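Each residue of the sequence shown is one higher than the one before, counting from 720 in the numbering used here.
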Amino acid sequence: METLASHLRPVFRLMLKALSNKNIARKTGLTEATVKSYVSDILRHTGCATRGELAMRAVKAGIRE
720 METLASHLRP VFRLMLKALS NKNIARKTGL TEATVKSYVS DILRHTGCAT
770 RGELAMRAVK AGIRE
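Below, the structure written as structure tokens:
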């Protein structure tokens with residue numbers, strides 16, 4: 720997570736809590752479109768195809784929300 724851009728980290732943390740894009744947008748004050756873009760950026764940056772894969776990798780790496 721340290722290599723993620725600082726603006727992506729709050730979205731990353733909320734993704735690990737299995738929140739929807741809509742709920743992430745509400746909690747962060749971002750638009751859903753921005754959250755969707757950030758989620759794509761996070762998945763691409765981490766090499767994960769899905770949120771589930773991201774969560775599994777985070778658990779294996781000892782990353783907690």
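Where is the CB? At the ideal position from N, CA and C, for every residue including glycine. These numbers come from a predicted model, not from an experiment.
By the 16-neighbour rule on beta-carbons within 10 angstroms, Ala724 is exposed. Counting only unbroken stretches of 3 or more residues, no beta strand (DSSP E) element lies wholly within the stretch 744–769. A Cβ-Cβ distance of about 16 Å is found for the pair Met775 and Val758, leaving them out of contact under the 8 Å criterion. Straight-line spacing of the CA atoms in Lys741 and Arg732 works out to 15 Å.
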